[in-house]
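Number of protein chains: 2
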Amino acid sequence: MRSAEAIVTAAMGRFARDGFATPLRAIAEDAGVSAPLIVHHFGSKQGLRDAVDDHVLALVDEKLRRFETGGFAAAAALVLPLYEQGDLPRYLRRTLAEGGPASRRLLESFVTTTEKALAHLGLAEPRMTAGLLVSHSLGAILLADPIGDAVGVDLFSADGIARWAASAIGIYRGDLAPLLS
Amino acid sequence: MRSAEAIVTAAMGRFARDGFATPLRAIAEDAGVSAPLIVHHFGSKQGLRDAVDDHVLALVDEKLRRFETGGFAAAAALVLPLYEQGDLPRYLRRTLAEGGPASRRLLESFVTTTEKALAHLGLAEPRMTAGLLVSHSLGAILLADPIGDAVGVDLFSADGIARWAASAIGIYRGDLAPLLS
DNA sequence: TTGACGGTTGAACAGTTGTTCAATACAACG
DNA sequence: CGTTGTATTGAACAACTGTTCAACCGTCAA
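Written out as structure tokens, the structure reads:
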């Protein structure tokens, strides 16, 4: 049964890096097994992908659970640890781009957790605001690389994170308010 | 030469809906031509994709040019017209998820345009702030469907857009500031 | 009319893909 | 020991893929 875990891990990495069109044989090689064994364990390639989705959702939920309480740091801290796992943000990016059911399960977790962190603010529409805030955080995950290029900063470096955070704080404090007619 | 345009249009739709792994034959059928003709015109499937990327970038640039000046409405108005084209936002979503060179060209346009709209605010880091704002806007494009599901609102309906905008204005005015330690 | 040429096609090819199948290794259990 | 079952594999298959090739069609110049 150990090989099943190795397969899921290898599949997550390959899907994240090369997309879901990655051949089963490549995943099998990474996991040190044969392609038919994957079908034997997961029924089909789609079955494997479902298993990887479950695994990723569990990973995210575990990380989210640490930030159910707490202040605004939740929104930032919610994003940063995701970067530490090399393959996780890339897999999320691909999942969200497809927009399938896994994408919906994922967002449900994020929005609900964020809504709890916003509960004591007395907002008019806490869930809508939570959705907006999640789209901000995940948008940063999805676009960190090309935006870093455009801005000319490595957003993964300490300096990049600090400046990114400073600008974010400015925005959430109202720096852009003069633009609102 | 008319068929080349039909091919690009069909390819954009297919790529947007089914991903870049869509077979050439499917695109050919949509365009009402044969698969070899696509290779004849664009050299290869990759050549076709490059042509579609160019086409999409031109579309986006044209839309962006209308909002180079103007206030905060730029950020909102920047997003909304993209929705009207059925395939465009989906194509952007797939492009951004891949993170290739097309993704970089795209973000460069967005960030530069947004930076101009922010110029007169006297921000400490206008380009970084512009990057952040772009990630907010595009994050909304990328995640509108699953977030709408999570929030329980159709973000494409008039009601959904109005409530989304109201929450966004609240955030940019500082509703979340109490959370900043 | 003849010739040339770009647009277009059906047929075919070689490579890749997910999946099936029969067979092997191997552990657990009686 | 034998046997039962699970994990695992190489070989093979049918379907699909991007691409090539020779041929056809139309137009337009000479």
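Respectively, the protein sequence lines represent chains A and B. Just so it is clear: in the first sequence, position 19 is 35 by my numbering, and no numbers are missing. Just so it is clear: in the second sequence, position 145 is 161 by my numbering, and no numbers are missing. Just so you know, even glycine gets a beta-carbon here, dropped at the ideal spot from N, CA and C. All figures in this text were calculated on a predicted structure; none of them were measured in a lab.
Separation of the CB atoms of D161 of chain B and G155 of chain A is rounded to 14 Å, and the pair is thereby denied contact status at 8 Å.
By a beta-carbon distance limit of 8 Å, F36 of chain A does not contact R143 of chain A. Their separation comes to about 31 Å. Within the same chain, and ignoring the five residues on either side of G164 of chain B in sequence, the residues whose Cβ sits closer than 8 Å to its Cβ are D170, L171, F172, G176. Separation of the CB atoms of S183 of chain B and E141 of chain A is rounded to 6 Å, and the pair is thereby assigned contact status at 8 Å. Here V55 of chain B is not near S125 of chain B, since their CB atoms are 9 Å or more apart.
The Cβ of E141 of chain A sits closer than 9 Å to at least one Cβ of chain B.
Of the residues A:R30, A:R33, A:D34, A:G48, the one whose Cα lies closest to the Cα of A22 of chain A is A:G48.
At least one CB atom of chain A sits nearer than 9 Å to the CB of P194 of chain B.
Within the stretch 109–121 of chain A, those residues whose Cβ lies closer than 8 Å to any Cβ of chain B are, in chain order, R109, R110, L112, A113, E114, G115, S119, R120. Taking all protein chains in view, the Cβ of H152 of chain B is crowded by 16 or more other Cβ atoms within 10 Å, so the residue is classified as buried.
When B:A32, B:A181, B:G190, B:R18 are compared, the shortest CA-CA separation from R106 of chain B is found for B:A32. If you check the CB distance, G186 of chain B and L134 of chain A do not come in under 9 Å. Taken in chain order, the complete alpha helix (DSSP H) segments of 4 residues or longer contained in the stretch 101–162 of chain B are 103–114, 117–134. Boundaries for V169 of chain A: no alpha helix (DSSP H) harbours it, and the DSSP string shows neither H nor E there.
Distance from the Cα of G147 of chain A is smallest, within the candidate group B:R179, B:A67, B:H71, B:A20, for B:R179. Distance from V127 of chain B to V167 of chain A at the Cβ level is roughly 7 Å; contact confirmed, criterion being Cβ atoms closer than 8 Å. Here DSSP, grouped into helix, strand and coil, assigns F36 of chain B to coil. Contact annotation: I43 of chain B and L108 of chain B have beta-carbon atoms that are not nearer than 9 Å.
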